[in-house]
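Here's the structure, in structure tokens; my notes come after.
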Amino acid sequence: QKEVEQNSGPLSVPEGAIASLNCTYSDRGSQSFFWYRQYSGKSPELIMFIYSNGDKEDGRFTAQLNKASQYVSLLIRDSQPSDSATYLCAVNLIQGAQKLVFGQGTRLTINP
Amino acid sequence: GAVVSQHPSWVICKSGTSVKIECRSLDFQATTMFWYRQFPKQSLMLMATSNEGSKATYEQGVEKDKFLINHASLTLSTLTVTSAHPEDSSFYICSAEAGNTDTQYFGPGTRLTVL
């Protein structure tokens, strides 16, 4: 089992709809969870981080964390073509390990 | 805030030469920086973790003598690819951790092409 798993996609969503991206992780002791966006040929850009169970909202983005089920998700409301990118889930699997483990990424395409 | 720069943004070199890539945190101090490599259509691969003032910690399978890392200050880490070969051609990306938050901010990356 991979430490951090994401559906590689591609995920196609019509413009204006909600895009839902999911990520599961293996270590129940994980404390920190991050979502990055990566456009083709560019480096990752931090979108959100979440530490506590529940929802965290920032503009059109909502991160959801469920530690009991070991999953974290990212919702993008009112999807725009500019949201088309690869979304990387990252987890600090072991507290104090000083490194994040990244999922393979989900490629999202927003169709006009 | 939390801006990370890399230099150069791209480099083309002949096989056998060495290439140095700089990573700087511009508006914060980074005790820890990370170096990643990404091949086309693949995910990020962590190469090493660099702590200011100490030796870098390399991931399994990464040759420490080939990829030299120096983290001499809280705002600068360098990666030197020694005796580069065509198979080293890749997108090299650094990141810096802000404080002890586990949050990593990425530089824009350096595209290395070895002829």
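Protein sequence lines correspond, in order, to chains W and V. Okay, so the first sequence: first residue is 46 according to this note's numbering, each after it adds one. Okay, so the second sequence: first residue is 624 according to this note's numbering, each after it adds one. Just so you know, even glycine gets a beta-carbon here, dropped at the ideal spot from N, CA and C.
Legend entry - is_contact[Leu145 of chain W, chain V] using C-beta, thresh 8 Å: yes
Inset, instruction - Take the Cβ of Leu738 of chain V as the centre, count every other Cβ of all protein chains shown within 10 Å, and call the residue buried at 16 or more, exposed below. - result: Exposed, because fewer than 16 other Cβ atoms sit within 10 Å of the Cβ of Leu738 of chain V.
Inset, instruction - Determine, using beta-carbon pairs with one atom in the region 75-85 of chain W and one in the region 706-714 of chain V, whether at least three such pairs fall under 8 Å. - result: no
Inset, instruction - Compare the C-beta of Phe651 of chain V with all C-beta atoms of chain W and state if any pair is closer than 8 Å. - result: No, Phe651 of chain V does not count as interfacial toward chain W.
Legend entry - Outcome for Asn111 of chain W when other beta-carbon atoms lying within 10 angstroms are tallied against a minimum of 16: Result: exposed.
Legend entry - Alpha-carbon to alpha-carbon, Asn52 of chain W and Leu153 of chain W: Each residue's alpha carbon lies about 11 Å from the other.
Inset, instruction - Determine, using beta carbons only, whether Asp650 of chain V and Ala625 of chain V come nearer to each other than 8 Å. - result: yes
Legend entry - Proximity to Pro59 of chain W [Cα-Cα], best of W:Leu66, W:Ser124 and W:Lys144: W:Ser124
Inset, instruction - May I ask you to list, following chain order, the residues of the region 669-689 of chain V that have a beta carbon less than 7 Å from some beta carbon of chain W? - result: Leu669 and Thr672
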